[in-house]
Amino acid sequence: MPDRLIRAAVLVLEGAKPLDVGIPAQVFSTRASMPYEVRVCGAAPGLVTGGDGLSYHVAHGLEALEWAELVFVPGYRYPDRDDPPEEVVDALLAAHARGARLAAISTGAFALAATGLLDGLRATTHWHYTRQLATRYPAIHVDENVLFVDEGHVLTSAGAASGIDLCLHILRRDLGVAASNHAARRLVAAPYRSGGQAQFVPRSVPEPLGERFAATREWALARLAEPLTLEELARHAAVSPRTFSRRFVEDTGYTPMHWVMRARIDLARELLERSELSIDRIAADTGLGTGANLRQHFQRILGTTPSDYRSTFTNGE
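The sequence shown begins at 1042 in this note's numbering and counts up one residue at a time.
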């Protein structure tokens, strides 16, 4: 855990969508397991007219962006009509120049686009607005088929619910997978979904397999130490391996065996963070076999070694 609270601001713009505002405000609210301090702000302190019949009384103005290390920009109504006020754009640019991370939820991407900070980068927004974002800001590489995009100090996400995925992703970066999983359990949310998962998959006839596939994922998570094959997963879901593979990618953004590998690596991360088990024991307990195999996959997926990963969290205590 950091030795001080991480400062986060939620910037509420005119027409702000209530769920978009509420997600980061709730996820990052200060508690023993969440070392963040959150300030909700607007262009000026006072009443901000929101969308969907709600308004917000914010205690802070743009000075909160001077204070923050992490700035969330929730989505707002009619983002394709007008740019944010000039003072908001200037404050976002100044925050970025000081090293703050800027994270947009849904149509909040338009506010970041107005700063020019997304030029030349990948970004996403709610699927209904991806074409407008690409047309209005042609220098941005708009990806309409993902839940969120992490470009380092600038992050964007799709529609409201994907804001949870973005927040959990930021928690994994800041505090590790154990803290992210704890927050997901508190929110009753999926522990992780791939940023590359499709936002919107049109189907002419809905296939009622969602709950069945979710049950299979839970079943697999409880058996990561055991050999797991595509055929076994499909058998548990009571569908053919071909159908299982296709629908699994739609549901998670991963192929089944890639998802299993990521789940094993995440379990290894949690054991490295929270236990003193040896690398070989962790490899066995996560179904990765040997310490050498764990090191290989850990390096490939995370770009570091298990020992270095563990020392990062040991030194942070």
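A virtual CB, placed ideally from N, CA and C, is assigned to each residue, including glycine.
Can you tell me where the beta strand (DSSP E) with residue i in it begins and where it stops?
| i | result |
| --- | --- |
| Glu1314 | Per DSSP, Glu1314 belongs to no beta strand (DSSP E); it is in the alpha helix (DSSP H), 1297-1315. |
| Gly1087 | 1087-1090 |
| Ser1198 | 1195-1198 |
| Glu1192 | Where Glu1192 is concerned, there is no enclosing beta strand (DSSP E), given that its DSSP letter is neither H nor E. |
| Leu1335 | Taken as a continuous stretch (DSSP letters only), Leu1335 belongs to no beta strand (DSSP E), being part of the alpha helix (DSSP H) at 1332-1343. |
What's the call for residue i, buried or exposed, on a 16-neighbour Cβ count within 10 Å?
| i | result |
| --- | --- |
| His1098 | exposed |
| Asp1184 | buried |
| Val1096 | This sequence places Ser at residue 1096; Val is not what is there. That one is exposed. |
| Tyr1117 | buried |
| Tyr1119 | exposed |
| Thr1166 | buried |
| Glu1314 | buried |
| Thr1148 | buried |
| Asn1222 | buried |
| Gly1140 | exposed |
| Pro1065 | buried |
| Leu1088 | exposed |
| Arg1227 | exposed |
| Pro1179 | exposed |
| Ala1109 | buried |
Measuring straight from C-alpha to C-alpha, what distance separates residue i and residue j?
| i | j | result |
| --- | --- | --- |
| Cys1022 | Val1068 | Given that the chain is displayed from residue 1042 to residue 1358, the structure contains no residue 1022 and the question cannot be resolved. |
| Trp1168 | Val1187 | 9 Å |
| Ser1316 | Gly1330 | 18 Å |
| Gly1155 | Arg1336 | The sequence given here has Ala at residue 1155, not Gly. Rounded to whole angstroms, Ala1155 to Arg1336 spans 42 Å at the Cα level. |
| Ala1135 | Pro1125 | 15 Å |
| Ala1044 | Arg1142 | Position check: residue 1044 holds Asp in this sequence, whereas Ala was assumed. The alpha-carbon atoms of Asp1044 and Arg1142 are separated by roughly 19 Å. |
| Leu1320 | Glu1128 | What sits at residue 1320 in the sequence shown is Ile, not Leu. Each residue's alpha carbon lies about 52 Å from the other. |
| Phe1113 | Glu1272 | 42 Å |
| Phe1151 | Ala1202 | 18 Å |
| Val1051 | Val1218 | 23 Å |
| Ala1132 | His1101 | 13 Å |
| Leu1212 | Ala1230 | 14 Å |
| Asp1121 | Gln1173 | 7 Å |
| Glu1055 | Arg1177 | 20 Å |
| Ile1137 | Leu1262 | Position check: residue 1137 holds His in this sequence, whereas Ile was assumed. Cα to Cα, the separation comes out at about 39 Å. |
| Leu1159 | Ala1144 | 11 Å |
| Gly1092 | Lys1058 | 5 Å |
| Gln1340 | Arg1163 | 25 Å |
| Glu1259 | Met1302 | 15 Å |
| Ala1325 | Ala1304 | 14 Å |
| Thr1327 | His1299 | 14 Å |
Note the first and the last residue of the continuous alpha helix (DSSP H) segment covering residue i.
| i | result |
| --- | --- |
| Ile1323 | 1320-1326 |
| His1210 | 1203-1216 |
| Ser1286 | 1282-1293 |
| His1101 | Careful: His1101 lies outside any alpha helix (DSSP H) and carries neither H nor E. |
| Glu1078 | Note, Glu1078: premise wrong, no alpha helix (DSSP H); beta strand (DSSP E) at 1077-1082. |
| Val1062 | 1059-1068 |
Can you give me the Cβ contacts of residue i inside the same chain, cut-off strictly under 6 Å, excluding the 5 residues immediately before and after it?
| i | result |
| --- | --- |
| Gly1237 | Any reading at Gly1237 needs caution, since the residue's pLDDT is 49, under 50, leaving its predicted position unreliable; the model's value is listed next. Excluding residues within five positions, the ones whose Cβ falls inside 6 Å are Val1187, Gly1294. |
| Ile1323 | Ala1309, Leu1312 |
With a CB to CB cut of under 7 Å and the five nearest residues on each side skipped, what residues in its chain are close to residue i?
| i | result |
| --- | --- |
| Tyr1077 | Leu1046, Ile1047, Ala1049, Phe1069, Thr1071 |
| Thr1257 | Leu1274, His1277, Ala1278 |
| Asp1215 | Ile1047 |
Got a sec? Which residues, its chain only, sit under 8 Å from residue i by beta carbon, not counting five neighbours each side?
| i | result |
| --- | --- |
| Thr1296 | Ser1286, Phe1289, Val1290 |
| Ser1348 | Ile1320 |
For a test of your reading of the model: does the CB of residue i fall under 7 Å from any non-hydrogen atom of the ligand NAD? Yes or no.
| i | result |
| --- | --- |
| Arg1258 | Absence of the ligand NAD is noted for the structure shown, with no ligands found whatsoever. |
Item to complete: Determine, using beta-carbon pairs with one atom in the segment 1280-1294 and one in the segment 1190-1204, whether at least three such pairs fall under 8 Å.
Response: no
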